[in-house]
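In what follows, a single structure is set out as structure tokens and then discussed.
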Amino acid sequence: MTSFKWMLMICSLFSATNVFAVDPPIVGAAGNTVTFQAKKWTSPVVESTTAWFTANGKTFPLFHAGIGAQASPEWLSPNKKFLLATAVEYGVVIGENGEEIATSQGHCDVISMETGCVLAESYERFCEGKWVGNQWVSEEGGVLNPVLETESPKDLLKNASSIEPAQSRAESLEWSLSFLSPESYMACHPPAQNVQAYNDLGFYLAEDGRDELALKFYRGVEAVGKRTVLMLNIADSLWGLDRKDEAQRYYNQYRDAMSADGKAQKIPQRVIERTAHQGMKN
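In mature numbering (1 follows the signal peptide of the UniProt record, and there is no 0), the protein residues as written are -21 to -1, 1 to 261.
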């Protein structure tokens, strides 16, 4: 019997990539662009592309590192606000004799050319069609009015909050976030409107050692404005990633903020120990 071992090719495959082509960017609303950069994986052999969104001088990936994507200029809506793209998740099937067999699952995704949000996804063949005005009509007769369908962080938390233990909860959240890049996800659900949700989301991820991903969401909240508890959470994740000098700066900011609020007695012992370590080093 064949068993499935879906690998987050995000790490194992991305580390073995090499760039071999970059297609001309697709230019949308306000001159914002999506660029597809071709990649080739050596084991298993898969050729694909990664998609990058650029607006106001800032560039970020639309999908996770293990997701291949492509699009045609004809898939850009007449008002240039939306772009359809096919995105493919790669994995491997473990055969009866233990051999690895490459496999994939495709989607048709709707990208906002204004924000870089991946608004929604459908089955792969949905991308076979045409724009009629600013509605996409598939060859099978399906009609798309581009609207946001990507699940909100509040809903993610609602679904995950009852999961125990912490490891299972973090795995569930990471899996839910394994398709879109954190940057695209936050373009769909801006941190300014989801401060508490992103802080909690990061905390749940960091709780089981997923500090790199947690930091992505913490940084999104930090760009909105510094909050005392956020400084502690950022410091803890930086410490977990062995970025201790940077972590200590955040611990100091947290400690100073707590003292200024008359809450020095509530500062966790680990903060005292880790900032004391800095003092001894200095």
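All C-beta atoms in this analysis are idealised placements derived from N, C-alpha and C, irrespective of residue type, glycine included.
DSSP three-state assignment for residue i, whether helix, strand or coil
i, result
"residue 176", "helix"
"residue 129", "coil"
"residue 23", "Caution is warranted here: a pLDDT of 47 is assigned to residue 23, below 50, making its placement in the model unreliable, and the coordinate value is therefore given only provisionally. Three-state DSSP puts residue 23 in coil, outside helix and strand."
"residue 34", "strand"
"residue 136", "helix"
"residue 2", "coil"
"residue 96", "coil"
"residue 163", "helix"
Best match in the options for proximity to residue i [C-alpha to C-alpha]
i, options, result
"residue 9", "76, 35, 70, 214", "35"
"residue 212", "223, 203, 204, 230", "230"
"residue 106", "46, 180, 66", "66"
"residue 80", "86, 87, 70", "70"
"residue 235", "89, 208, 111, 224", "208"
"residue 217", "151, 77, 248, 190", "190"
"residue 103", "152, 49, 39", "49"
"residue 28", "12, 39, 38, 45", "45"
"residue 63", "90, 210, 194", "90"
Status (buried if at least 16 other CB within 10 Å, exposed otherwise) for residue i
i, result
"residue 147", "exposed"
"residue 215", "buried"
"residue 68", "buried"
"residue 261", "The predicted position of residue 261 is uncertain, since its pLDDT is 45 and thus under 50; a value taken from the coordinates is nonetheless stated next. Classification for residue 261: exposed."
"residue 144", "exposed"
"residue 251", "exposed"
"residue 25", "Here residue 25 scores only 48 on pLDDT, less than 50, and its place in the model should not be relied on; the value that follows carries that caveat. Per the 10 Å Cβ criterion, buried."
"residue 243", "exposed"
Limits of the unbroken alpha helix (DSSP H) element including residue i
i, result
"residue 196", "190 to 201"
"residue 235", "223 to 239"
"residue 146", "145 to 155"
"residue 106", "No alpha helix (DSSP H) contains residue 106, which DSSP labels as neither H nor E."
N-terminal and C-terminal residue of the beta strand (DSSP E) that residue i is part of
i, result
"residue 64", "61 to 73"
"residue 41", "Per DSSP, residue 41 belongs to no beta strand (DSSP E) and is neither H nor E."
Integer-rounded CB distance, given that residue j should sit under 8 Å from residue i
i, j, result
"residue 177", "residue 196", "4 Å"
"residue 97", "residue 159", "5 Å"
"residue 157", "residue 43", "6 Å"
Check: residue i C-beta below 7 Å from any heavy atom of the ligand NAD
i, result
"residue 110", "With respect to small molecules bound, the structure shown includes none, and the ligand NAD cannot be examined in it."
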